[in-house]
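J.: Top line first, the protein sequences correspond to chains G and C.
All residue numbers for the first sequence refer to my numbering, where the first residue is 1 and numbers rise by one.
All residue numbers for the second sequence refer to my numbering, where the first residue is 138 and numbers rise by one.
Protein chains: 2
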Amino acid sequence: MKDTTPIQLKEIGLKITPQRQAILKLLKGNETHPSAESIYSEISKKFPGISFATVYNTLSKLIEAGEIRELDIDPNKRRFDPCVAPHTHFYCQACGNIFDISHDFHLPLTIKRIDGHQVDVVQLNLKGVCKNCRKIP
Amino acid sequence: MKDTTPIQLKEIGLKITPQRQAILKLLKGNETHPSAESIYSEISKKFPGISFATVYNTLSKLIEAGEIRELDIDPNKRRFDPCVAPHTHFYCQACGNIFDISHDFHLPLTIKRIDGHQVDVVQLNLKGVCKNCRKIP
DNA sequence: TCATAAATTATAATAATTATAAAATAAGAA
DNA sequence: TTCTTATTTTATAATTATTATAATTTATGA
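This is the structure:
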């Protein structure tokens, strides 16, 4: 899902720094569900000095502010999605890529309580072999 | 979901070792969705010499054989479920416990293809604050 | 311009998992 | 039962992702 809603750092109480602006620019409309590592290496091209801590810190603050989401789908690392609207993801166990699935599975997105537990997040994950990897035997 | 189906090591081409038997015994009917660490420390009581590699190796083989499932719900570690029948899980972001949810969300469990991708796994994850943690302010 | 809280960096530490190689063992054959 | 061999286990080191720490730098508002 492409989400190009601009994130206003100031409005979520964060200082505007060039590093953060670069991270936001990279995230905006990004549909690759990047990991911290891929964000770091991309940003490094423009900011050779940026540190991993900055990437993780910024991502944590953005999650806290509800501006991005973290996905629990890649067993190896954290993956981030700038699109916070609920939608299904497909994880390819061959290449590790994550694809957005726009098909509506009619999930109970408004459920607030189940078995006495308070529900804050609902995510449907599909896993298998993606379109591209299926071609390669 | 309690699954007490006995796992026959021999039938899945694995040698019967005391360590593996202990791991299987611990897994059978276990509804706590243990991590490798919790399995290791539990087994260590009976087998003080067991190594982490054995735990991970055994779990990998059991997953390969389709005898247990791995959950993508705990952002910090791998969690395992001896019950392979599809069902929903709830992860408590406060205590880290995972609960089985028996409510039927009518998931498309038989879907084999979507957007050209081959679907092998469908999992619905709920996250929030569990029953017990809600009581404690 | 200044003061200050916040952010960034370099670095070290931690936690989970995987790899390696030597020693031990299960299991089938003799 | 003993032997043989492939498998398994163990000890250990290595790797990977992430988090913590503390010193330095910087954004921001006075």
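Ideal Cβ positions, reconstructed from N, Cα and C, are used throughout, including at glycine.
What number of angstroms, rounded off, separates the C-alpha of C/K264 from the C-alpha of C/T154?
T.: Each residue's Cα considered, the two are about 37 angstroms apart.
J.: Tell me whether C/N262 is buried or exposed, calling it buried when 16 or more other Cβ atoms sit within 10 Å of its Cβ.
T.: Buried.
J.: Would C/I235 and C/I200 be called neighbours here (beta carbons separated by less than 8 angstroms)?
T.: In this structure, C/I200 does not lie closer than 8 angstroms to C/I235 by Cβ.
J.: Against G/C83, what residues of chain C qualify as contacts under a CB-to-CB distance less than 7 angstroms, listed in chain order?
T.: Per Cβ cutoff of 7 angstroms: no residues; G/C83 is ~17 angstroms from chain C at best.
J.: Where do the ends of the alpha helix (DSSP H) carrying C/K272 lie?
T.: First-last of the alpha helix (DSSP H) with C/K272: 268-272.
J.: Would C/R216 count as contacting chain G if we go by Cβ distances under 8 angstroms?
T.: No, C/R216 does not count as interfacial toward chain G.
J.: Among G/D120, G/N57, G/A53, G/L24, whose alpha-carbon lies nearest the alpha-carbon of G/Q8?
T.: With distances taken between Cα atoms, G/Q8 lies closest to G/L24.
J.: Just how far apart, CA to CA, sit C/N269 and C/C232?
T.: Spanning the two alpha carbons is a distance of roughly 9 angstroms.
J.: Whose C-alpha, out of G/D81, G/Q123, G/T110, is nearest the C-alpha of G/N30?
T.: With distances taken between Cα atoms, G/N30 lies closest to G/D81.
J.: In the DSSP assignment, the beta strand (DSSP E) including G/R20 goes from what residue to what residue?
T.: No beta strand (DSSP E) contains G/R20, which is instead part of the alpha helix (DSSP H) from 18-27.
J.: Between C/D209 and chain G, is any beta-carbon pair separated by less than 8 angstroms?
T.: It does; some Cβ of chain G falls within 8 angstroms.
J.: Going along chain G, which residues have a C-beta under 7 angstroms from C/V256?
T.: In chain order: L126, G128.
J.: Grab me the residues of G/Q19's own chain with a C-beta within less than 8 angstroms of its C-beta, minus the 5 sequence neighbours each way, in chain order.
T.: Excluding residues within five positions, the ones whose Cβ falls inside 8 angstroms are I43, F47, I50, T54, T58.
J.: So, at 8 angstroms on beta carbons, what are the nonlocal neighbours of C/C267 in its own chain, with the 5 sequence-adjacent residues on each side left out?
T.: Excluding sequence neighbours, C/C267 sits near F227, C229, A231, C232, N234, F236.
J.: For a contact defined as C-beta to C-beta under 9 angstroms, what are the partners of G/I39 on chain C?
T.: The premise fails here: G/I39 is roughly 17 angstroms from chain C at the closest Cβ pair, so nothing lies under 9 angstroms.
J.: In the DSSP output, which residue or residues are listed as bridge partners for G/E70?
T.: G/F80.
J.: Please report how far the alpha carbon of G/P6 lies from the alpha carbon of C/L163, in whole angstroms.
T.: Distance between the alpha carbons of G/P6 and C/L163 is about 50 angstroms.
J.: Taking 7 angstroms as the cut-off, is the beta-carbon of G/K61 closer than that to any non-hydrogen atom of the ligand COA?
T.: In terms of ligand content, the structure shown is empty, and the ligand COA therefore cannot be addressed.
J.: Let me check understanding here. Comparing Cα to Cα, which of G/Y56, G/D120, G/P108 lies closest to G/R78?
T.: Minimum Cα distance to G/R78 is reached at G/Y56.
J.: Evaluate G/I101 with the Cβ neighbour count: other Cβ atoms within 10 Å of its Cβ, from every protein chain shown; 16 or more gives buried, anything less gives exposed.
T.: Looking at its Cβ environment, which holds 16 or more other Cβ atoms inside 10 Å, G/I101 is buried.
J.: Helix or strand or just coil, what does DSSP make of G/T54?
T.: Helix at G/T54.
J.: In the DSSP assignment, the alpha helix (DSSP H) including C/I180 goes from what residue to what residue?
T.: It spans 173-183 - the alpha helix (DSSP H) in which C/I180 sits, taken as one unbroken run.
J.: For G/D115, decide whether its Cβ has a neighbour in chain C, counting only Cβ atoms nearer than 8 angstroms.
T.: It does; some Cβ of chain C falls within 8 angstroms.
J.: Do C/P212 and C/I259 come within 8 angstroms of each other at the CB atom, strictly closer than that value?
T.: Note that residue 259 of chain C corresponds to Val in the displayed sequence, not to Ile. Contact flag unset, no.
J.: Beta-carbon of G/H220 versus every beta-carbon of chain C: anything under 8 angstroms?
T.: With chain G covering 1 to 137 only, the question about residue 220 of chain G has no answer from this structure.
J.: Distance, Cα to Cα, C/V256 vs C/T247?
T.: Their backbone Cα atoms lie some 9 angstroms apart in a straight line.
J.: Enumerate in chain order the residues of its own chain whose CB-to-CB distance from G/F52 is below 8 angstroms, with the five nearest sequence positions on each side excluded.
T.: Same-chain partners within the cutoff: A36, Y40.
J.: Any beta carbon of chain G sitting closer than 8 angstroms to that of C/I238?
T.: Cβ-Cβ to chain G under 8 angstroms: yes for C/I238.
J.: Any beta carbon of chain G sitting closer than 8 angstroms to that of C/R271?
T.: Answer yes: the Cβ-Cβ gap between C/R271 and chain G drops below 8 angstroms somewhere.
J.: Between which residues of its own chain and G/D3 is the CB-CB distance below 6 angstroms, once the five residues before and five after are set aside?
T.: Only P82, C83 meet the Cβ criterion.
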